[in-house]
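In our numbering, the protein residues as written are 285 to 506. Just below is one structure, and these are the notes that go with it.
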């Protein structure tokens with residue numbers, strides 16, 4: 285027998301060390317294209333189903349809460365209107381204050397201290413208290429006339445639109461000698477300027493107002 289060499293030996297197929305497994309060509313694992321289309325449609329479809337299922341509940345809840353929402357919106361509109369009106373009133377007050385200062389500079393309103401004002405009242409002057417009604421009832425100068433220049437409201441101080449008409453009714457003679465006073469002297473100064481613009485010539489403002497009047501020890505009544 286001729287000695288066979290390895291080169292002459294026919295090549296044997298490689299044995300599989302794991303008989304239960306079969307060798308196969310390596311493949312790149314990938315997801316089929318149709319899977320992407322299914323995944324792309326699955327989420328919107330689920331969301332649509334959820335919305336479809338929840339729509340009656342949401343509709344019913346919106347029906348129940350509709351009056352509450354309307355009430356809240358009406359409250360917000362009312363509060364917004366109140367705030368807007370308050371801001372408008374404050375702007376009007378600021379404009380009137382600036383206008384009154386201009387008129388005061390032109391009218392040259394005289395101002396006196398409480399002691400001097402007390403002497404003028406004894407000489408026959410009329411004391412016009414332009415504070416609010418509540419302030420007037422808490423304490424005032426004896427014989428004073430109360431015509432508020434501004435009213436106290438929950439949102440602040442609002443001007444009295446009928447101030448000059450009430451003054452004309454209480455003090456018709458524009459040559460009357462009048463001393464005006466308030467709490468600190470600011471409102472009385474504005475009222476004095478407004479009266480001077482209407483033709484009142486004998487107008488005197490009391491500096492310091494009723495606070496200084498009491499601080500000086502002058503008498504007052506309630």
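Virtual Cβ for every residue (Gly too), placed ideally from N, Cα, C.
In angstroms, rounded to a whole number, what distance separates the CA positions of residue 489 and residue 505?
-> 20 Å
How many angstroms separate the CA atom of residue 375 from the CA atom of residue 443?
-> 11 Å
Please say whether residue 414 and residue 475 have beta carbons closer to each other than 8 Å?
-> yes
State the DSSP-derived secondary structure class of residue 403, mapped to helix, strand or coil.
-> helix
Once you ignore the five residues that flank residue 420 on each side, which residues in its own chain have a CB closer than 6 Å to its CB?
-> 413 and 430
Can you grab the Cα-Cα spacing for the pair residue 459 / residue 499, in whole Å?
-> 31 Å
To the nearest angstrom, how far is it from the Cα of residue 496 to the Cα of residue 461?
-> 21 Å
Distance, residue 437 Cα to residue 407 Cα | 36 Å
Is the distance from the Cβ of residue 469 to the Cβ of residue 501 below 8 Å?
-> no
Taking DSSP as the reference, what is the three-state secondary structure of residue 437?
-> strand
Inter-residue spacing [alpha-carbon to alpha-carbon] between residue 521 and residue 467 | Here the chain covers residues 285 to 506 and nothing more, so residue 521 does not appear.
Could you pull the start and end residues of the beta strand (DSSP E) that residue 476 belongs to?
-> Premise fails: residue 476 lies in the alpha helix (DSSP H), 470-481, not in any beta strand (DSSP E).
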